[in-house]
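Colleague:
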Amino acid sequence: MTTQTKSAPRASSFAVPVSRWREEEAAGKTEAELLLYRSNLLGSDLTVTNFGGGNTSAKISERDPLTGEDVEVLWVKGSGGDIGSMGLDGFATLYEDKLLALEGHYSGEQDDDKMVGFLPHCTFNLNGRAASIDTPLHSLLPHKHIDHVHPDAIIALAASSEGEAVTRELWGDTIGWLPWKRPGFTLGVWIRDFAKANPQARGAMLAGHGIICWADTAQECYEQTIQLIAEAAEYLNKSSAQGEAFGGQRVSPADDRAAIAADLMPRLRGLMDGERRKIGHFSDDDATLEFVGSVDFERLAALGTSCPDHFLRTKIAPLTLDPSRVSDDDYLSGRLSDYREMYAAYYERCKRPNSPAMRDANPVVVLVPGVGRFTFAKDKATARIAGEFYLNAINVMRGAEAIGQYVALDEQEAFDIEYWLLEEAKLQRMPAPREMVGKIALVTGGAGGIGSASARRLLQEGACVMLADLDGDSVQSMERELAAKFGKDVVSSVTCNVTDEAQVAEAIGACARQFGGIDLLVANAGIASSAPIEETSIDLWNRNYEVLAKGYFLTVRAAWPLLCRMAAQGGASIVFVGSKNAVAAAKNASAYASAKAAANHLARCLALEGAGHGVRVNIVNPDAVIKGSRIWDGDWRRERAGAHGIDSGQQLEDHYRKRSMLGRDVLPEDVAEAVFFFASEASAKSTGNMLNVDAGNAQAFPR
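Each residue of the sequence shown is one higher than the one before, starting from 162 at the first, in this note's numbering.
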């Protein structure tokens, strides 16, 4: 790879938040609605909090449905919610007097986990939303409105050796400093006792964690939170301007880092062991490039993260790689093996008698100087979010080092959070993943009827899908349509002419960069033509063979190394979308039918080659998929109608339906089911096979 090609970009300074509270928007809202308004404002502002981070609360007078009396109810963000996008149903509601009475069951920090079990007994109005572990931080304080957030600027102070001194410098005795303590009842007691002993205080910094602050009204609480973050950001920006971040730059960004990423991600993914495959995410943002190319990179990366929100998603430490050796599989295998051994040793050092069994020992975050940041997880959203949290950690390290030294979470504390029994119970409650979670599919002809239906079917089962199509506008439109239904993380698209070797290579590279590799190739891009032999021109003949034979060949050849890399993890699959005409002669379609036959035989040859690598190759042969098909929208419809001497309108559809043995239309969704079958574990012992989806055609019976 190339390094020292240009100066590293200067990462942006801490963003300074501004108030977005609008009187006209807040007017007329109930106390609960004001809490939601405040929460959504805080959570949707990335300068204030990150995904799923932070919690807010209000103590509100409510009519008890059982007694009819007015009681004080704590409304607090429920477990697992996101304050930026949640609605009122995202809050847990609990009787405040019952929460305060829980202290009678508490005798010390050894009871923290036990106290969580009492929270459901305090539920108000049968609210099914589970209360979070942070509930005591809100319930034990007497203040009506409370915000607890972890923005980068605040955590930079909380994770710096000079954080306590800077806190006093900035806010005097109005903001306190509490040492690190894992979230729970004990931390709530500490904060309550601090507030009682310091009536002038309006909040407290929690070392390595974040800030908690309080006020008498929703607006006052919101404005105070924004002000505190802004003051921290401005202080850090001023301090950062006085020197080079992370000790200055040692490695500059590589010009070819996108190509390096496309090559490296499948290598890493194929070498990561475990029960399920992982999905990758790549980023080469300025802040990451500045960090991974810095003098202090190795020292800081080895320390790991500080804030529990960061750590839970990024693991004890990232894996760092030498950029000059990332194309060497032996080197990568050794580095991953070393990491797994390190993680196992960490588990053995820190485990408790009742700790859950060791989980996946592979790294979540992989950092490469000059290239960027890679994250791997069970699905794309989790991988992306892990990357975003590590970016938060980079910002924290930059700010912490600007005023002192970065202080990471103590190893034992980190372990106790990662293997917290409460966290394990949450993991055990999660539903089993869908069959295709962790799988990556590339679908050519992805904007058409069969291609988009196949993509939709795979997405339904949890796969990530890259759509490739010659028609750029149509494939982007299909991407937007599928993203609206399944989420932006799991679907992407690329414009690709399958007859162009360079475009095919770029499509494969795009899939590798976007998701980490390929497990399933659906070769579906196609055309159709009909003409008597004497009217079949050389151009028409060549066009059919270019798309239907050469196109399939080029796509498979480019994807083959990536597919073979997955052999150690259960193999990979190729599905050719063929045609009834590949096995049954068709009048006036010699170019089309013979090209389809060539593709089908190519699939059988590939089944022989792929078997030793664990790559299965199978064929789906549709017939007369008229509804929803772009191919049948053009000349092919008119030509086939002419070949049968019938009208190209409804008569043609009636002809094909009546011609079938079952007398039924064949739809793109029917073909998609067959594609899914060959992609799934249901066909794990099937290769070199053809499956007809034609409503029955004796002429096409395999022989």
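The beta carbon of each residue, even a glycine, is placed where N, CA and C say it ideally should be.
Return the first residue and the last residue of the beta strand (DSSP E) that Ala-376 is part of.
Modeller: 371-376
Colleague: Just to confirm the assignment, what range does the beta strand (DSSP E) spanning Leu-255 have?
Modeller: 252-256
Colleague: Which same chain residues, not among the five before or five after Ala-319, have their C-beta less than 8 Å away from its C-beta?
Modeller: Met-366, Leu-367, Ala-368, Gly-369, His-370, Gly-371, Ile-372, Ser-467 and Cys-468
Colleague: Return the Cβ separation of Ser-847 and Arg-765 in integer angstroms, given the expectation that the two are a contact with Cβ distance under 8 Å.
Modeller: The pair is not a contact, with the Cβ atoms about 13 Å apart (cut-off 8 Å).
Colleague: Could you check if Gly-599 is buried or exposed, using at least 16 other CB atoms within 10 Å of its CB as the buried criterion?
Modeller: buried
Colleague: Comparing C-alpha positions only, which one of Gly-731, Gly-215, Val-350 and Ala-478 sits nearest to Ala-262?
Modeller: Val-350
Colleague: If you draw a straight line from the C-alpha of Glu-585 to the C-alpha of Glu-436, how long is it?
Modeller: 18 Å
Colleague: Can Ala-754 and Ala-760 be called in contact, C-beta distance under 8 Å?
Modeller: The Cβ atoms of Ala-754 and Ala-760 lie no closer than 8 Å to each other.
Colleague: Can you give me the start and stop residues for the beta strand (DSSP E) that Phe-452 sits inside?
Modeller: Not the beta strand (DSSP E): Phe-452 falls in the alpha helix (DSSP H), residues 447-453.
Colleague: Assign Thr-166 to buried or exposed, taking buried as 16 or more other Cβ atoms, counted over all protein chains shown, within 10 Å of its Cβ.
Modeller: With a pLDDT of only 35 at Thr-166, under the threshold of 50, the placement of this residue in the model should not be trusted; the figure read from the coordinates follows. Looking at its Cβ environment, which holds fewer than 16 other Cβ atoms inside 10 Å, Thr-166 is exposed.
Colleague: Kindly confirm or deny that the region 344-358 and the region 395-411 touch, where touching means at least three C-beta pairs closer than 8 Å.
Modeller: no
Colleague: Can you have a look at Asp-855 and say buried or exposed, based on whether 16 or more other CB atoms are within 10 angstroms of its CB?
Modeller: buried
Colleague: Short of 6 Å in beta carbon distance, which residues of its chain neighbour Tyr-504, apart from the five on each side in sequence? Order them along the chain.
Modeller: Ala-522
Colleague: Please determine, among Ala-750, Arg-726 and Leu-619, the residue with the shortest C-alpha to C-alpha distance to Gly-607.
Modeller: It is Leu-619.
Colleague: Start and end of the beta strand (DSSP E) containing Val-736?
Modeller: 733-738
Colleague: What residues match up with Phe-535 in a beta bridge as DSSP calls it?
Modeller: Phe-443 and Val-527
Colleague: Quick check: the Cα distance between Asp-632 and Gly-248, rounded to an integer number of angstroms?
Modeller: 40 Å
Colleague: At which residues does the beta strand (DSSP E) containing Cys-625 begin and terminate?
Modeller: 625-630
Colleague: My assumption, with CB atoms under 8 Å, is that Val-234 sits in contact with Thr-254. Please give the rounded CB distance.
Modeller: 5 Å
Colleague: With which residues is Gln-118 paired in a DSSP beta bridge?
Modeller: Nothing can be reported for residue 118: it is not among the residues displayed for the chain, which extend from 162 to 864.
Colleague: Just mark Gln-271 as buried or exposed, buried being the case when its beta carbon has 16 or more other beta carbons within 10 Å.
Modeller: exposed
Colleague: Between Val-786 and chain C, is the shortest Cβ-Cβ distance under 8 Å, so that the two count as touching?
Modeller: In the structure shown, chain C cannot be found, because there is only a single protein chain.
Colleague: Do you know offhand how far Ala-840's Cα is from His-306's?
Modeller: 52 Å
Colleague: Quick check on Lys-711: does DSSP put it in helix, strand or coil?
Modeller: helix
Colleague: Which class does Ser-654 belong to by DSSP, given the choice of helix, strand or coil?
Modeller: DSSP places Ser-654 in strand when its eight states are reduced to three.
Colleague: How many whole angstroms separate the CB atoms of Val-665 and Thr-716, which I take to be in contact at a CB cut-off of 8 Å?
Modeller: 6 Å
Colleague: Let me make sure I understand the geometry here. Which of Glu-223, Asp-831, Ala-462 and Ala-720 has the alpha-carbon closest to that of Val-659?
Modeller: Ala-720
Colleague: Suppose only complete runs of 3+ residues qualify. What are the beta strand (DSSP E) ranges in the region 313-343, listed by chain order?
Modeller: Fully enclosed beta strand (DSSP E) runs of 3 or longer: 336-339.
Colleague: Take every Cβ of the region 411-422, pair it with every Cβ of the region 703-712, and state whether three or more of those distances are shorter than 8 Å.
Modeller: no
Colleague: With a CB to CB cut of under 6 Å and the five nearest residues on each side skipped, what residues in its chain are close to Tyr-500?
Modeller: Leu-480 and Pro-524
Colleague: Just how far apart, CA to CA, sit Gly-324 and Ser-205?
Modeller: 26 Å
Colleague: Take Arg-474 and list the residues in its own chain whose beta-carbon comes closer than 6 Å to its own, dropping the five residues that flank it on each side.
Modeller: Ala-547 and Phe-550
Colleague: Given a cut-off of 8 Å on the beta-carbon distance, is the pair Phe-458 and Arg-559 in contact?
Modeller: no
Colleague: Could you pull out every residue in the same chain whose Cβ sits closer than 7 Å to the Cβ of Thr-164, ignoring the five residues on either side in sequence?
Modeller: Residue placement at Thr-164 is flagged as unreliable, the pLDDT there being 37, under the threshold of 50; a coordinate-derived value is accordingly withheld.
Colleague: Please return the same chain residues whose Cβ sits closer than 8 Å to the Cβ of Glu-186, not counting the five positions on each side in sequence.
Modeller: Counting only Cβ-Cβ distances below 8 Å, and skipping sequence neighbours, we find Tyr-198.
Colleague: Which partner residues of Ala-684 appear in the DSSP bridge assignment?
Modeller: Beta-bridge analysis with DSSP links Ala-684 to Phe-737.
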